[in-house]
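Peer 1:
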Amino acid sequence: MMGFFVWFEMDNSEFKRQLSSLKNESEVSDFCRKLVLHGIPFIFRENEHNYYEFRKRIAIQFGVSFHEVYITGSAKLGFSPFKDKDFDLDSDIDVAIISEKFFEEIMWKINKFQQEYRASRKTLNYSEVQKYHDFLEYTALGWIRPDKLPVSFQMKELKNSWFEFFNSLSYNRSEIGNYKVSGGVFKTYQHYESYIVSGFVGLQKKYIIQGIK
């Protein structure tokens, strides 16, 4: 039997205490699944039906199942362990879409640009090159972040439509309330879980060094 208990209304201090007490990465993974990957997000804790409607909006827009739409970050937990602060009106809503099909659709559109870039038929300034390299690093982790695409990228229309859609969900224009909504795409559930667990492992090491028990 695991040596910890997860509360839905867990606060940041209890999170630190429980994470610090875990003995190995397997326990950290289980802790992560219970707290981040499972259950109703903090932001929708009093209205589960609105959570469904919010996910459905996103699923319809991108042609994925609503089961493939997750809320992560402080809107899921009620606090941000990475920023060490509670969820509040200045917090963003982070959406993760987990769909290999959708991931590959976007990457196929990027394929032509990459070929032209290698052949030097596409030119980018220094900041755009850095941003594009960041984008490719994230895709190597199985995570597409449209905010990292260069401004001059030929998929500017796709990038703009992405942000226009998530803006249409923000600031009292959807079930989420008066918050900014942003999103990214993970290739598989395993990529998403691996990313979250890796972050938790890093936090655990930090807490142990700080002497948190």
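Numbering (our numbering), first residue to last: -4 to 208.
Where a beta carbon is used, it is the ideal one built from N, C-alpha and C, also for glycine.
#1: So what does alanine 91 bridge to, in DSSP terms?
#2: Between valine 64 and isoleucine 53, how many whole angstroms is the CB-CB distance? I'm expecting something under 8 Å.
#3: With a 10 Å radius around its C-beta and 16 neighbouring C-beta atoms as the bar for buried, classify glycine 197 as buried or exposed.
#4: Determine whether the beta carbon atoms of aspartate 87 and lysine 175 lie at a separation below 8 Å.
#5: For isoleucine 204, count the other beta carbons within 10 Å of its own beta carbon; 16 or more makes it buried, fewer makes it exposed. Which is it?
#6: Should phenylalanine 57 and phenylalanine 97 be called a contact, given that it needs their Cβ atoms to be closer than 8 Å?
#7: Could you tell me the distance, in whole angstroms, from the CA atom of isoleucine 191 to the CA atom of cysteine 27?
#8: So phenylalanine 77 is in the alpha helix (DSSP H); what residue range does that whole segment cover?
#9: Along the alpha helix (DSSP H) that carries histidine 128, what are the first and last residues, could you check?
#10: Around the Cβ of phenylalanine 10, are there at least 16 other Cβ atoms within 10 angstroms (buried) or fewer (exposed)?
#11: Who are the Cβ neighbours of tryptophan 2 in its own chain at under 8 Å, not counting the five residues just before and after it?
#12: Suppose contacts are defined by Cβ-Cβ distances below 8 Å. Is phenylalanine 130 in contact with lysine 143 by that definition?
#13: Just how far apart, CA to CA, sit serine 24 and aspartate 89?
#14: How big is the Cα-Cα spacing for serine 21 and glutamate 159?
#15: For glycine -2 and glutamate 95, what's the separation of their Cα atoms in angstroms?
#16: When DSSP labels each residue in this structure, what does isoleucine 203 get in the three-state scheme?
#17: Would glutamate 132 pass as a contact of leucine 32 if the rule is Cβ separation under 8 Å?
#18: For proline 210 and arginine 113, what's the separation of their Cα atoms in angstroms?
#19: If we count the other Cβ atoms within 10 Å of its Cβ and call it buried at 16 or more, is arginine 168 buried or exposed?
Peer 2: The relevant details are as follows:
#1: Tyr65 and Gly179
#2: 5 Å
#3: exposed
#4: yes
#5: exposed
#6: yes
#7: 7 Å
#8: Phenylalanine 77 -> no alpha helix (DSSP H), and no H or E assigned at all.
#9: 121 to 135
#10: buried
#11: Reliability fails at tryptophan 2, whose pLDDT of 42 lies under 50, so the model's placement of it is uncertain and no value is given.
#12: yes
#13: 20 Å
#14: 39 Å
#15: Note on glycine -2: pLDDT 45, under 50, position unreliable in the model; the coordinate value appears next. Computed Cα separation, rounded: 35 Å.
#16: helix
#17: no
#18: The structure shown has nothing for residue 210, since the chain only spans -4 to 208.
#19: exposed
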